[in-house]
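To start, the structure itself, in structure tokens.
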Amino acid sequence: MTVTEVAEALGLEIVTGRQNLDRSITGGCVSDLLSYVMGNAAAGHLWITIQVHPNIVGVAELLDLAGIVVAHGQDIETPTVEKAREHGIPVLTSQETAFALAGRLYALGVT
Amino acid sequence: MEPTSTDRFADRYPILGGGFFLAGRASGEVKRRLSELSLPRELVRRVVIGTYEAEMNVVIHAVSGEVSVSVEGDEVRVVAQDRGPGIADVEEALKPGFSTASEKAQSLGFGAGMGLTNMQRCADEFRIASELGRGTCVNMTFRPRPVDSKEEQQDDGD
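From first to last, the protein sequence lines are chains H and C. Under this note's numbering, the residues of the first sequence are numbered -16 to 94, in order. Under this note's numbering, the residues of the second sequence are numbered 99 to 256, in order.
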């Protein structure tokens, strides 16, 4: 499934990174601990978090993640959006909790 | 692309203690440089993770520091040296989950006591030396590993 397809299926709002939404999602990671993500997420994964500071973009970029989904309607800091735009990292948001998003993503076949 | 046997460069990048906004920039630069060489992707991935964790430890704990990276053939060496408080008990610090990071760092999702563990997992050789009141030096060597088939599939996703 591509990032676009997941965004449509889960009703995610696309904040930035529209040019890279056609990428296939190869798995997922849910964590707010950056070192956990560094150690466990892989290229092509979609990362669900409630962290909103610019360092999440750095992690996504270093790991070649497919995108970041900021859960539970957290307000994303403006520098985060700017940095993501600069690096072409898709950032999406949802009002749903990380738990609900992960469950729905898993049900869609992203495992 | 140059042939692997002649891949060679050495570079150093400064890191500012407490500079959360710029944190990750040195690792990003290292990733960009290594990607230009004909190194295996799994190797670059591990170097990038190890470098990021070392860089973040400087940002979280130290006053300033630098990370230097050198490549010779398909072996990558990363040295992160800082001027900072040092580590009182290195053995304790190496235990997964142990952290002395500030509340601020922890609220940002850093300082979960996983950094040194990640470095050890990613590096093929890992050495750490620290002097209280002076600083810490982490020395990592990375070599290509047989590729895990699952990881390979995931890496092919883009």
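Ideal Cβ placement from N, Cα and C applies to all residues, glycine included. Fair warning: this is a prediction, and the values are worked out from it, not measured in the lab.
inquiry  = Using CA atoms only, rank isn't needed, just tell me which of C/C220, C/V128 and C/A186 is closest to C/R262.
reply    = The question about residue 262 of chain C has no answer here: the residues shown for chain C are numbered 99 through 256.
Of the residues that make up the segment 120 to 137 of chain C, which ones have a beta carbon closer than 7 Å to any beta carbon in chain H?
A121, G122, S125, G126 and K129
How long is the line joining the alpha carbons of C/S133 and C/V146, rounded to whole angstroms? Start at 1 with the first residue of the second sequence, and residue 133 of chain C comes out as number 35. Start at 1 with the first residue of the second sequence, and residue 146 of chain C comes out as number 48. Cα-Cα distance, rounded: 10 Å.
Practice problem: Kindly indicate which residue of C/F224, C/L230 and C/E229 has the alpha-carbon position closest to the one of C/M238. | Solution: Along the second sequence, read from residue 1 onward, the residue named residue 238 of chain C stands at position 140. For C/M238, the nearest C-alpha among the options comes from C/F224.
Once the 5 residues before and after C/R106 are set aside, which same chain residues still bring their CB inside 7 Å of it?
Numbered from its first residue, the second sequence carries residue 106 of chain C at position 8. Cβ within range, chain order: V169 and E170.
Is the segment 72 to 85 of chain H touching the segment 43 to 60 of chain H in the sense that three or more CB pairs, one from each, lie closer than 8 Å? yes
Alpha carbon to alpha carbon, how far is H/T(-15) from H/L29? Here the question's residue -15 of chain H lines up with position 2 in the first sequence. Here the question's residue 29 of chain H lines up with position 46 in the first sequence. Those two C-alpha atoms are separated by around 10 Å.
Discussion item. For C/A191, which residues in the same chain have their Cβ closer than 7 Å to its Cβ, ignoring the five residues on either side in sequence?
Written reply: For the purposes of this step, residue 191 of chain C is taken as the residue at position 93 of the second sequence. Result list for C/A191: I185 and L214, in chain order.
Practice task
Kindly indicate if chain C contains any beta-carbon less than 8 Å away from that of H/S18.
Solution key: For the purposes of this step, residue 18 of chain H is identified with residue 35 of the first sequence, where counting begins at 1. Yes, H/S18 lies at the interface with chain C (some Cβ there is under 8 Å from its Cβ).
**Asked** So what's H/G86 in DSSP terms, helix, strand or just coil?
**Response** Here residue 86 of chain H refers to the residue found at position 103 when the first sequence is read from its first residue. Note: H/G86 maps to helix in three-state DSSP.
* Asked: When the Cα atoms are used, what is the spatial distance from H/L(-5) to C/A108?
  -> For the purposes of this step, residue -5 of chain H is identified with residue 12 of the first sequence, where counting begins at 1. For the purposes of this step, residue 108 of chain C is identified with residue 10 of the second sequence, where counting begins at 1. Cα-Cα distance, rounded: 43 Å.
Query raised in the report: Are the beta-carbon atoms belonging to C/G115 and C/V156 less than 8 Å from one another?
Result: By 1-based counting over the second sequence, the position of residue 115 of chain C is 17. By 1-based counting over the second sequence, the position of residue 156 of chain C is 58. Yes; because the gap between Cβ atoms is below 8 Å, this pair is in contact.
Problem set entry | Ranges of the alpha helix (DSSP H) found wholly within the segment 143 to 195 of chain C, counting only runs of at least 4 | 188 to 191
Original post:
Any idea what DSSP makes of H/G50, helix, strand or coil?
Top reply: Reading the first sequence from its first residue, position 67 is the one you call residue 50 of chain H. Of the three classes helix, strand and coil, the one that applies to H/G50 here is strand, per DSSP.
Next on the checklist: Output needed in chain order: residues of the segment 214 to 230 of chain C with a Cβ under 9 Å from some Cβ in chain H.
Outcome noted: T215, N216, R219 and C220
- Based on Cα-Cα distance, which residue from C/V167, C/A221, C/V161 and C/T234 lies nearest to C/R243? Here residue 243 of chain C refers to the residue found at position 145 of the second sequence. Nearest C-alpha to C/R243: C/A221.
* Asked: Touching or not, the segment -3 to 15 of chain H and the segment 25 to 40 of chain H, by the rule of three or more beta carbon pairs under 8 Å?
  -> yes
Review point. Bridge partners of H/G11, per DSSP?
Key: As a working mapping, residue 11 of chain H is identified with position 28 in the first sequence. Per DSSP, H/L29.
Rounded to whole angstroms, what's the CA-CA distance from C/S162 to C/I113? Just pull it up for me. Position 64 of the second sequence holds residue 162 of chain C. Position 15 of the second sequence holds residue 113 of chain C. Distance between the alpha carbons of C/S162 and C/I113: 6 Å.
Environment of C/K193 [buried if 16+ CB atoms lie within 10 Å]: The residue you call residue 193 of chain C lines up with position 95 of the second sequence. That one is exposed.
What's the call for C/K129, buried or exposed, on a 16-neighbour Cβ count within 10 Å?
Within the second sequence, the letter at position 31 stands for residue 129 of chain C. Looking at its Cβ environment, which holds 16 or more other Cβ atoms inside 10 Å, C/K129 is buried.
**Study point:** Presumed contact (8 Å Cβ cut-off) between H/V35 and H/A67, rounded CB distance
**Key:** Translated into positions along the first sequence, residue 35 of chain H becomes position 52. Translated into positions along the first sequence, residue 67 of chain H becomes position 84. About 11 Å separates the two Cβ atoms, so there is no contact after all.
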